[in-house]
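**Student:** Residue numbers (our numbering): 471 to 541. A virtual CB, placed ideally from N, CA and C, is assigned to each residue, including glycine. Attaching a single structure in structure tokens format; questions to follow.
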């Protein structure tokens, strides 16, 4: 097993992304959801979840690729 620790910046970003997603979701539901149908709101939630996942992947894949040969 590798003892390489990730940079604190990556850890903070990994914590911030879900919080930002929840803030977006709360603002969306409070201000904008009433003007869209339930299926459109579900679509917004799913797409925003996918975007948050892509951001997490973009944060961690470079670190994982750099340390892949050490495993």
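Determine contact between the region 475-488 and the region 518-532, defined as no fewer than three beta-carbon pairs at a distance below 8 Å.
**Tutor:** Judged by Cβ distances under 8 Å, the region 475-488 makes contact with the region 518-532, as three or more pairs qualify.
**Student:** Which one of 537, 540, 533 has the shortest CA to CA distance from residue 480?
**Tutor:** Closest option to residue 480, Cα to Cα, is 533.
**Student:** Taking only the alpha-carbon atoms, compute the straight-line gap between residue 502 and residue 478 and give it to the nearest angstrom.
**Tutor:** Rounded to whole angstroms, residue 502 to residue 478 spans 35 Å at the Cα level.
**Student:** Using a Cβ-Cβ cutoff of less than 6 Å, which residues in the same chain neighbour residue 474 once the five nearest sequence positions on both sides are dropped?
**Tutor:** These residues qualify, in order along the chain: 537.
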